[in-house]
Every structure is written in C-alpha cells, then in structure tokens.
Amino acid sequence: MGLHFAGFLFDRQARELRRGREAVPLSPKAFQLLALLLDNRPNPLSQQRLRDALWPEAHVGYTSLAQLVAELRRSLGDPARTPRFVRTVSRFGYAFTGDVVEEERKRFEPASIRGTLLAEKREYPVPGGETLVGRGEECGLRLPSTGVSRIHARIRADENGVWVSDEGSKNGTWVNGDRREGPTRLSDGDEVIFGTFRTVFRPVTPTGSTRTGIPTAASGTRHSPAR
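Quick look at the structure:
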C-alpha cells in the first residue's frame, strides 16, 4: 500500500519516499519514524513511545529523537514553526498532520509467488521482487519472534530464483547451519533461520504450486547452528 501526501509517495514495501520521480533521501531511522507517524495519524505519539519503537534495544538521550525529527523535516521541506506534515505536540510528542490518500496494491497473483517459507505453525509466501523480513511493521514478511530483529533480512525473488541476505541483524541469518550476510540463493528444502526463528524454503513448482511440509533431518534438512 502506498500513501500519497502533497506530492509525496510513501512506499513501505519498497522502503522509499518519492516526490514525483525523485527519491527523497531518508536514513533508515527517519524512514521508520515517518512510518510510525503515518500509521497513527492524526493521533500524536509520545516521545517515550517513539523512542521505545525506534531504539528498542538501546538507551538514547533525549536529543536523539529531536535530531531525527529535524532530519525528517529537512527531507520533507517542513519548517518546524509552520509545519505541514510533522506537528510538535507541546510537552508530549509528535503527530503527522495533512491529508493522506491510500493507494491499495494489487494482490499478488499465484504466478507471482516464488516460494514459501514453512514454519511449525504457519506458511509465509515469498512474492516476486524484494521483501523485507523481520518483526517490524515496515516488513512485508513479519515473523513473530523476539529473536528476530525489527528489520532482519531481505529476500529477492524473480524468475531466476530466490535469494536471502542479512540486513545487519543482531542474531544473524543462517542457511543450512552457516551464517550468511551477502545474498545466498535458496534451494528446495534449505533450512533458513532468522535469529532463532526456523523455516524451510519450498520453491514454486512448474505447475505454479509449492510443496508443503517441513522435512526431517533424515530427509535432507541440515541441523540448526549451535547456539
């Protein structure tokens, strides 16, 4: 889903903010801040809630959030004294102000699904293109585990295959017991562990369907990395 406001397009899946055809430079934290404000518009978010969401595993000073807001305002061309988008709520926090139009994305057709990540209790379809993997709201493939970073990995899928790469996660991305950082091509039955969250990759078959069921170690799945 894309969000349009005053000539801007906020594309969560592509992790892009655009103005017309031009990409607007934003740091990952500023992008996440904008996402939080847009998701909760027009209600304000407290400074404490924003700090907890932006820096969940670190203690930061009070000026860190103010500096991030200033960065976002510079990118949007939004003066603090007469804001069009980011409103300061005195002694509380910040809110997104302004009209936003939602643009629904088309659902993925079966032919655009390139595979599936199988977990114990759920299947996660892998669509074509690039998809962020993690537990954060900005991720297209969200995994319900505290061992997974907010933005943990990235999956790229096209007609030539499916690749996974780590995005600087705390607990790492593992393929068949080996920790991987750069793009790693996935094959049928590969064990992919995001932090501590175990999945098995199944590609799309020539008929357009995916195989189901998580194989046991005896059927070819490698052992998980030692913790």
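Going letter by letter, the sequence shown gives residues 110 to 336 in my numbering.
Ideal placement from N, C-alpha and C gives every residue a C-beta, glycine not left out.
If we call anything under 8 Å between Cβ atoms a contact, is residue i one with residue j?
{"i": "A204", "j": "R121", "result": "no"}
{"i": "D187", "j": "V198", "result": "no"}
{"i": "R231", "j": "R244", "result": "no"}
{"i": "T172", "j": "P192", "result": "no"}
{"i": "R182", "j": "A175", "result": "no"}
{"i": "T308", "j": "G256", "result": "no"}
{"i": "F201", "j": "P153", "result": "yes"}
{"i": "L145", "j": "L177", "result": "no"}
{"i": "L126", "j": "E211", "result": "no"}
{"i": "R311", "j": "L227", "result": "yes"}
{"i": "F140", "j": "R124", "result": "yes"}
{"i": "E247", "j": "A262", "result": "no"}
{"i": "D299", "j": "V284", "result": "yes"}
{"i": "F114", "j": "V209", "result": "yes"}
{"i": "P134", "j": "S184", "result": "yes"}
Could you round the C-beta distance between residue i and residue j to whole angstroms and report it? I think they count as a contact, below 8 Å.
{"i": "V301", "j": "V273", "result": "6 Å"}
{"i": "L295", "j": "V271", "result": "5 Å"}
{"i": "R265", "j": "P292", "result": "7 Å"}
{"i": "E166", "j": "S136", "result": "No, E166 and S136 are not in contact; Cβ-Cβ is about 18 Å, not under 8 Å."}
{"i": "V169", "j": "R160", "result": "6 Å"}
Identify the continuous beta strand (DSSP E) that holds residue i and give its terminal residues.
{"i": "V273", "result": "270 to 275"}
{"i": "G194", "result": "A quick correction: the sequence has Phe, not Gly, at residue 194. From DSSP, F194 is part of no beta strand (DSSP E); its letter is neither H nor E."}
{"i": "F205", "result": "202 to 205"}
{"i": "R128", "result": "125 to 128"}
{"i": "D120", "result": "117 to 120"}
Where does residue i sit, in a helix, a strand or coil, going by DSSP?
{"i": "E180", "result": "helix"}
{"i": "D299", "result": "coil"}
{"i": "L227", "result": "strand"}
{"i": "A175", "result": "helix"}
{"i": "A162", "result": "helix"}
{"i": "S221", "result": "helix"}
{"i": "A252", "result": "Before going further, note that residue 252 is Leu rather than Ala in the sequence given. It is coil, neither helix nor strand."}
Does the beta carbon of residue i come closer than 8 Å to any beta carbon on chain C?
{"i": "L154", "result": "The structure shown contains no chain C; it holds only a single protein chain."}
Following the continuous alpha helix (DSSP H) through residue i, name the residue where it begins and the one where it ends.
{"i": "R259", "result": "Segment: none, R259 is in no alpha helix (DSSP H) and carries neither H nor E."}
{"i": "L142", "result": "137 to 148"}
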